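The structure under discussion appears below in the form of structure tokens.
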Ligand code: HDD
Ligand code: HEM
Ligand code: HEM
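Residue numbers (our numbering), protein chains in the order written: chain A, 76 to 482; chain B, 9 to 471.
Printed below as a string of structure tokens:
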């Protein structure tokens, strides 16, 4: 239980990353497929605007997965990162390009600049999920041995099963993105875009379904132990759940219920990942069980506590962010353009006469306690005094400076 | 003494040096962005508070323009930070595999911290027109807090690498791991954390102020520019003298905990009582050539005693010493430039206090323009001091860097690709900052005192 709980967190993180960041990658790919002309531009614009506020938060799931893995299963992470370094490095380069284009797009002035940035962004959006998918496939297909770069640098992930999983990751991303973008357009009353992305969702859904079946066939032919794991017991049940959720998603898109469709889509992805985990359980890498890979007792306990505590703080905040983006194109809040809502409108700043002296006094206390004295408790007082100096100094200077008319 | 048992097994890496340079490059790109993530939100919030308090819309304009810069730099901070997380596995798998259970928790909590930061930056940046002014202001506060807590977590890892505790070695195997003791029970964490935190305020403050000093020198000067210069400059000028004191504190900690590192700072070969401090010069053959010597100053600074004994490099074998000149040169850059910045800060504060206005010589503004790059240099030099001074160890005295490295091939290829990507990102960042800066200022006429010759062009980052 203690050994597997962090893994459950990691897998949940992988699911959320696949669904949320996947939609984000997919939106980039739709920009690539947007076609020319004004309509193409609108599609790109829509894809960009919908993702702008949420992509960073979506992206951090990857950091979560990485850090919890290396804390709780260090040997597992060390082995896979060193063997799959090429795939992961390509993904990393893709992440640099994607993030950079988000940052840059707000500066673009004309259609040509936007097109260049979008192009860079789209290619990165295609490469990153593919490379990450291949890496996941290589782990699933037992192509990563335990050890420092003990596996093949290229053939570990450029083989039938990993590449199929890579393609599947791209298809999923494109599909999740189309549903998300359709829903977002519907919410803002843009029926043209909503219908455009509905059609895209249906096509992408069909392709993703076909890719999933193809993947199963490839796994059957090339990674037989994984296949037999998948078609027995709990794993089989989750495969069936995934199938049902996948079909349900298509139906929901068909009847234009995009929000529920996102949920069932997520369930389908989660079920695939759970099926893989159940098929492999209790083995992480060939010859390395979950229990063998797990870090010591205290490390596991602290990471579990940290994740739960972090989650309690984080999920409400994440909810607030998503709620805010849903409000995206609605009317601005009344009063948000002025400070009318605030308490002391028009209050001038208070200029304090004593602050300079207090600042100098605290600075001298700081020198005495931090630099002359040696005891730990003196250092604490010294640091507090110096931060007090910062505040007092700021209060001494800034209000007076802002109040004067000097240029 | 048992050799350290590696979790994955030993490898030979021909390109260790390139791997180290790759790591150093990635940090040098990440760390200045981090400074803006730590310190800029606080300044933006202060300006927004001024708007709420006075109702003067000029403050709102300033806060909004700054918040766009925060957002753009945050995006780049996110990706460069992600690269760092990848590199912990890609370049140093043995380090992560052997000690992940000890230090990993720091990064896991850091992950949450950045999660919250990303969420609230999103809310803040996209919420200008969707939240009530007060809610909007409040949504910025978590950004300030998480910027601090994030750096606390990362620095706790770095402090642990420099002063490893919280585990035991039994026959070379890592056992009895206590991550909380390793990360937060480390007495050397606090000096490093506060030094970094203050550095972030200096770097951000001087760079932002420098941009408006350029505007002033070009004659583009109005109330807007004056406010935008005064706030960051005041913070940085207060932080600079404080940093001197914190730097002294950290150096005295090093003298106790990592004497060989201190010897490398000073190029001290022989263990000496009443050791001299040398400024400038070059270390060869066990001594400092062409340096200016201050008798007994090193003993005095490090241990507050005229004849204190300072451990020399000769106490360890040659392959346990860091590269002396790199460490010493970086340390001197940090201290000399840091002292110069402190002098600039004190000058500014004195003029403000005594005369009640900004200094009016052009030289002052030229100095402010240079102060940004100088603070940046201090930042990088300080980290080179810390990290290269730790060599040849990745975990001080426990694991060598050569044991930590990956066995994978192709490091030079990766290095080249990463350099190319960072160059592209750097060009992009300069481009976006100029674009953001050149967006015309839309000041509400009621909120400004118009000045002749104010073309309205705000000049962030034209330097
Ligand atoms: C604006 C930046 C800045 C300025 C003006 C200074 N420093 Fe610094 N210094 C840093 C920025 C920095 C840093 C980049 O932030 C480091 C790297 C690791 C750390 O925690 O802080 C650092 C590290 C660092 C270390 C090494 C710590 C270690 O190896 O673990 C010492 C001994 C000092 N500093 C001492 C000083 C002194 C005596 C200064 C007086 C002028 C000074 N620093 C100014
Ligand atoms: C091994 C070292 C480091 C790693 C692995 C690392 C990792 C990361 C990651 C993954 C992010 C992105 C977070 C997000 O998505 O929101 C990030 C951003 C950040 N990192 Fe680092 N980091 C390292 C060093 C540092 C250091 C030394 C500091 C500072 C003291 C620091 C402070 C920050 C801050 C404040 C951010 C927020 C982004 C910003 O404001 O620009 N990091 N880091
Ligand atoms: C706080 C988080 C940090 C962590 C966990 C960290 C970790 C590491 C690791 C694992 C290495 C490689 C092993 C080694 O060479 O010893 C390294 C090297 C290095 N890091 Fe850091 N680092 C941190 C912050 C920074 C920052 C902010 C800089 C800024 C410039 C920096 C500069 C370097 C340099 C120059 C090296 C290469 C040293 C050499 O090989 O000579 N580090 N660091």
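Just so you know, even glycine gets a beta-carbon here, dropped at the ideal spot from N, CA and C. None of these values were measured; they are calculated from a predicted model.
Where does residue 76/A sit, in a helix, a strand or coil, going by DSSP?
Coil.
Does chain A have any CB closer than 9 Å to the CB of residue 366/B?
yes
Just to make sure I have the definition right: I need the residues of chain A whose C-beta is within less than 8 Å of the C-beta of residue 186/B. Which are they?
373
Could you spell out where the beta strand (DSSP E) holding residue 295/B opens and where it closes?
From DSSP, the beta strand (DSSP E) with residue 295/B extends over 295 to 297.
Tell me, please, whether the CB atom of residue 155/A is closer than 9 Å to any CB atom in chain B?
Residue 155/A counts as touching chain B.
By DSSP, does residue 418/A sit in helix, in strand, or in coil?
Reliability of the predicted coordinates at residue 418/A is poor, the pLDDT of 45 falling under 50, and the value obtained from them is presented with this limitation in mind. It is coil, neither helix nor strand.
Give me the Cα-Cα distance between residue 226/B and residue 346/B, rounded to the nearest whole angstrom.
27 Å
Go ahead and label residue 80/B buried or exposed: buried means 16 or more other beta carbons lie within 10 angstroms of its beta carbon, across all protein chains shown.
Sixteen is the threshold: when 16 or more other Cβ atoms of the shown chains lie within 10 Å of the Cβ of residue 80/B, as they do, the residue is buried.
For the stretch 40 to 54 of chain B against the stretch 107 to 118 of chain B, are there 3 or more C-beta pairs whose distance is under 8 Å?
The stretch 40 to 54 of chain B vs the stretch 107 to 118 of chain B: no contact.
Can you check whether the C-beta of residue 473/A is within less than 9 Å of a C-beta belonging to chain B?
yes
Distance check for residue 315/A and residue 191/B, CA to CA, integer angstroms please.
45 Å
Excluding five sequence neighbours on each side, which residues of the same chain lie with their C-beta closer than 8 Å to the C-beta of residue 378/B?
218
Hey, is residue 484/A's beta-carbon within less than 9 Å of any beta-carbon in chain B?
Nothing can be reported for residue 484/A, as the shown portion of chain A is limited to 76 through 482.
By how many angstroms is the C-alpha of residue 427/B removed from the C-alpha of residue 251/A?
Straight-line Cα distance between these residues: approximately 33 Å.
In chain order, what residues of the same chain lie with their CB nearer than 7 Å to the CB of residue 150/B, ignoring the 5 residues before and after it?
124, 128
Output needed in chain order: residues of the stretch 112 to 130 of chain B with a Cβ under 8 Å from some Cβ in chain A.
112, 113, 115, 116, 117, 118, 119, 120, 122, 123, 124, 126, 127, 128, 129, 130
Residue range of the alpha helix (DSSP H) that residue 278/A falls in?
Segment 266 to 297, the alpha helix (DSSP H) holding residue 278/A.
Taking a cut of 8 Å between CB atoms, which residues from the stretch 211 to 227 of chain B lie near chain A?
Listed in sequence order: no entries.
Could you tell me which of 369/A, 309/A, 372/A sits nearest to residue 349/A, measuring between CA atoms?
Considering only 369/A, 309/A, 372/A, the residue with the shortest C-alpha distance to residue 349/A is 309/A.
Between the C-alpha atoms of residue 161/A and residue 312/A, what's the straight-line distance to the nearest angstrom?
Each residue's alpha carbon lies about 35 Å from the other.
Which residues in chain B sit within 7 Å of residue 134/A, going by Cβ to Cβ distance?
86
For residue 38/B, write down the residues that DSSP places opposite it in a beta bridge.
DSSP lists no beta-bridge partner residue for residue 38/B.
Can the beta-carbon of residue 419/B be found closer than 9 Å to that of residue 99/B?
Taking 9 Å as the Cβ cut-off, residue 419/B and residue 99/B qualify as a contacting pair.
Against chain A, does residue 104/B count as a neighbour if the rule is that its beta carbon must be under 9 Å from one of theirs?
yes
For residue 213/A, count neighbouring C-beta atoms within 10 Å of its own C-beta (all shown protein chains included) and say buried if the count is 16 or more, exposed if not.
buried
Closer than 7 Å by C-beta to residue 404/A: which residues in its own chain qualify, once you throw out the five before and the five after it? Chain order, please.
Model confidence at residue 404/A stands at a pLDDT of 46, short of 50, so the residue's coordinates are unreliable and nothing is read from them.
Quick check: what's the CA-CA separation for residue 21/B versus residue 400/A?
48 Å
Of all the CB atoms in chain B, is at least one closer than 9 Å to the CB of residue 189/A?
no
Can you find the residues in the same chain that come closer than 6 Å, C-beta to C-beta, to residue 320/B, ignoring five residues on each side of it along the sequence?
271, 276, 277, 278, 279
Residues of chain B with a CB under 8 Å from the CB of residue 377/A: which are they?
Result: 113, 187, 188.
Among the residues of its own chain, which have a CB less than 6 Å from the CB of residue 137/A, if the five just before and after it don't count?
Once the five neighbours on either side are set aside, the close Cβ partners of residue 137/A are 92.
Could you tell me the distance, in whole angstroms, from the CA atom of residue 414/A to the CA atom of residue 477/A?
The predicted model places residue 414/A with a pLDDT of 46, which falls under 50 and marks its position as unreliable, so this point remains unresolved.
Can you give the Cα-Cα distance for residue 289/A and residue 279/A, rounded to whole angstroms?
Roughly 15 Å between the two C-alpha positions.
Does the beta carbon of residue 80/B come closer than 9 Å to any beta carbon on chain A?
yes
Which residues in the same chain have their Cβ closer than 7 Å to the Cβ of residue 369/A, if we skip the five residues on either side of it in sequence?
78, 147, 148, 375
When DSSP labels each residue in this structure, what does residue 285/B get in the three-state scheme?
Reduced to three states, the DSSP call for residue 285/B is strand.
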